[in-house]
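Each remark here refers to the structure printed beneath this line.
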Amino acid sequence: MEQISTIKDGRTVLVQDKGQSYTAQLLCLIVAGYIAHTVYDVYWGPTARVPGPWLARFTRLWELLKVNKGHFEQVNIDLHKKYGPIVRISPNTFSISDPSAIKQIYLGRTTLMKSKFYEPFGDPLDPNLFSETDIKKHAQSRKAVAHLYSMSSLVTYEGSVDRCNVQVCAKLRDFARHRIAFDVPTWMLFYAHDVIGELTFGEAIGMMEKGQDEYGMAESIDRTMAYASRMAVIPELHKWVSWLSRVARLKAPFQTVQKYVLEQIDSRSRGDSAGIDFLTKLLTLRMDDKVTDLDIEKTVSNNIMAGADTTAISLSAVIYSLLKNPGVEANLREEIDTLAAAGKLSYPVTFEQARHMPYLQACIKEALRVHPAVGRPLPRVVPPEGLTIAGQYFPGGAIVGVNSWMAHYNEDIFGRDAAMFRPERWLESDKEKLSVMEQSLLTFGAGVRTCIGKNLSLLEMSKVIPELYRQLEFELSESEGVWSTWNDWFVKPRFKCYVRLREAV
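Position 174 (the sequence shown) corresponds to 174 in the UniProt record's numbering; numbering is contiguous.
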């Protein structure tokens with residue numbers, strides 16, 4: 001680069017060339033433009049009157065700091081209590097609690113695109129089904145594998161789920177005999193991971209057998225979610241962090257899962273093992289040119305990365321809620337015992353039997369409501385023409401979302417007792433009210449972006465809960481039975497309890 005030297009007072013002075021000067025001027029203009037745009041939006045833009053924390057009007061730092069504290073679902077609840085149904089959580093991101101927002105944002109005729117928020121949950125060069133923001137690409141990818149996740153397809157795996165149910169009940173009976181207080185969410189996670197292993201690869205991962213996360217997969221997923229949940233606030237940095245990790249050959253959090261998945265695919269491709277599982281079906285689809293090798297890797301990885309946590313969290317919520325509501329627990333046991341005594345409940349319980357147990361299904365729905373697994377708003381991008389939600393106009397490009405922790409406790413939808421765990425609300429409501437309640441249930445998302453693994457989670461819960469409650473009685477540990485949570489996207493609980501053996505009917 002050319003520089004000009006001059007002599008001044010006996011000293012040599014280097015004068016920057018015009019190119020450097022123009023660059024500096026351009027950077028100054030960009031910064032000034034950003035500041036001017038932000039100031040305009042804050043004081044005169046269409047969303048200028050939307051309330052929220054002062055710092056959140058100018059920077060995403062406020063949101064990042066709150067996310068980092070691990071309780072954003074409660075932060076979100078407190079914000080709406082203070083500011084009302086529409087709250088700003090960053091300069092261009094808004095959380096909405098008005099019930100009408102769910103239909104407009106997630107269920108409207110025009111599908112709102114996912115924001116860049118989701119990109120850190122996948123590879124920036126090749127997004128997965130969850131992190132893909134392009135509507136058409138997502139639809140194409142989902143269509144190729146959606147039939148594998150239909151309930152009619154999943155019930156063919158009941159034998160695999162039954163094997164895991166036998167194992168988890170045996171482990172808990174062992175805890176009962178030795179009077180051991182066990183960490184409920186941890187063991188529900190071990191159970192859920194082993195089910196995913198059975199269904200995906202034809203064999204359990206082995207967490208229940210070993211009593212630990214031997215391969216470090218659960219830990220790997222936790223670290224991935226911790227990274228993604230924070231980077232989602234500043235998703236523009238994700239591709240650069242990913243690139244630097246590759247250049248520096250740093251181990252990414254998800255590589256433990258990726259390594260395990262690739263080993264399983266390689267083993268199956270060589271003809272090892274046999275059976276009907278997800279991987280077998282995916283390899284068959286590949287032979288018909290309906291999916292690629294990369295599609296197989298991403299689908300299988302998604303099963304591992306996202307298939308266990310939601311189920312484990314929801315099962316933990318069921319157990320804890322029943323412990324805190326003994327009358328509800330007694331009603332569930334009565335339904336189980338009555339059906340078993342009448343010969344209408346086999347061993348093992350079939351999904352067909354379980355789905356016709358109204359009180360069981362109400363307990364599951366109520367647990368999904370009072371403790372949804374995800375604790376952040378599900379952000380979408382307002383289309384170019386703008387959108388009016390709950391009386392507030394949002395310009396194109398604004399990011400809007402509803403947090404399930406707000407939607408599920410809305411008294412206008414779920415009644416004045418929305419804060420209570422009361423399964424009867426799902427049995428007493430008329431058809432119209434029930435439809436509104438179900439539409440407001442966001443545990444698995446909503447609309448075309450509903451979690452593809454929803455049926456799998458419901459299958460597991462429907463089958464294992466009756467087995468647990470006809471064999472065992474749960475009791476909170478006095479010293480370690482306090483419920484606590486940590487939110488790294490998934491709101492993961494912690495508590496311990498004891499179990500006692502119960503004579504099966």
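Ideal Cβ placement from N, Cα and C applies to all residues, glycine included.
| Check | Outcome |
| --- | --- |
| Check each candidate in 165, 398 and 338 and name the one with the smallest Cα separation from residue 47. | 398 |
| Enumerate in chain order the residues of its own chain whose CB-to-CB distance from residue 454 is below 6 Å, with the five nearest sequence positions on each side excluded. | 444 |
| Quick one: does the C-beta of residue 251 sit closer than 7 Å to a heavy atom of the ligand GDP? | The model depicted lacks the ligand GDP and carries no ligand whatsoever. |
| Under the three-state reduction of DSSP, which class applies to residue 392: helix, strand or coil? | strand |
| Taking just the CA atoms, how far does residue 196 sit from residue 202? | 9 Å |
| Since I believe residue 184 is in contact with residue 497 (beta carbons under 8 Å), could you give me their beta-carbon distance rounded to a whole number of angstroms? | 6 Å |
| Could you give the distance in angstroms between the alpha-carbon of residue 1 and the alpha-carbon of residue 247? | For residue 1, the pLDDT reaches just 47, beneath the cut-off of 50, and the residue's location in the model is therefore unreliable, leaving the point undetermined. |
| Kindly indicate which residue of 407, 359, 379 and 391 has the alpha-carbon position closest to the one of residue 371. | 407 |
| Could you give the first and the last residue of the continuous alpha helix (DSSP H) run that contains residue 338? | 326-341 |
| Please list the segments of the alpha helix (DSSP H) lying wholly inside the segment 211-267, counting only runs of 4 or more residues, in order along the chain. | 217-231 and 238-247 |
| Take the Cβ of residue 510 as the centre, count every other Cβ of all protein chains shown within 10 Å, and call the residue buried at 16 or more, exposed below. | Residue coverage of the chain in this structure runs from 1 to 505, which leaves residue 510 outside it and unanswerable. |
| In three-state DSSP terms, what is residue 420? | coil |
| If residue 313 and residue 492 are in contact, beta carbons under 8 Å, what's the gap, nearest whole angstrom? | 6 Å |
| Go ahead and label residue 24 buried or exposed: buried means 16 or more other beta carbons lie within 10 angstroms of its beta carbon, across all protein chains shown. | exposed |
| Check whether the Cβ atoms of residue 279 and residue 257 lie closer than 8 Å to each other. | no |
| Please specify which runs of the alpha helix (DSSP H), each continuous and at least 4 residues long, are wholly inside the segment 402-471, giving them in chain order. | 404-407, 411-414, 425-428, 431-439 and 454-471 |
| Residue 66 and residue 72: beta carbons closer than 8 Å? | yes |
| For residue 287, count neighbouring C-beta atoms within 10 Å of its own C-beta (all shown protein chains included) and say buried if the count is 16 or more, exposed if not. | exposed |
| Can you grab the Cα-Cα spacing for the pair residue 141 / residue 93, in whole Å? | 28 Å |
| Name the two residues that bound the continuous alpha helix (DSSP H) containing residue 148. | From DSSP, residue 148 is part of no alpha helix (DSSP H); its letter is neither H nor E. |
| Secondary structure at residue 489, three-state DSSP: helix, strand or coil? | coil |
| Using 8 Å as the cut-off, can you tell me whether the segment 229-246 makes contact with the segment 55-66, which would need three or more C-beta pairs spanning the two stretches below that distance? | yes |
| Distance check for residue 449 and residue 139, CA to CA, integer angstroms please. | 9 Å |
| Our contact map puts residue 549 next to residue 358 with C-beta atoms below 8 Å; I'd like the distance itself, whole angstroms only. | This structure cannot speak to residue 549, because the chain is shown only from 1 to 505. |
| By how many angstroms is the C-alpha of residue 343 removed from the C-alpha of residue 505? | A caution first: residue 505 carries a pLDDT of 45, below 50, which makes its placement in the model unreliable, though a value can still be read off. If you take the alpha carbons of residue 505 and residue 343, they lie about 10 Å apart. |
| Spatial neighbours of residue 499 within its chain, please: CB distance less than 8 Å, with the 5 preceding and 5 following residues excluded, ordered by chain position. | 172, 173, 175, 176, 182, 472, 473, 474 and 475 |
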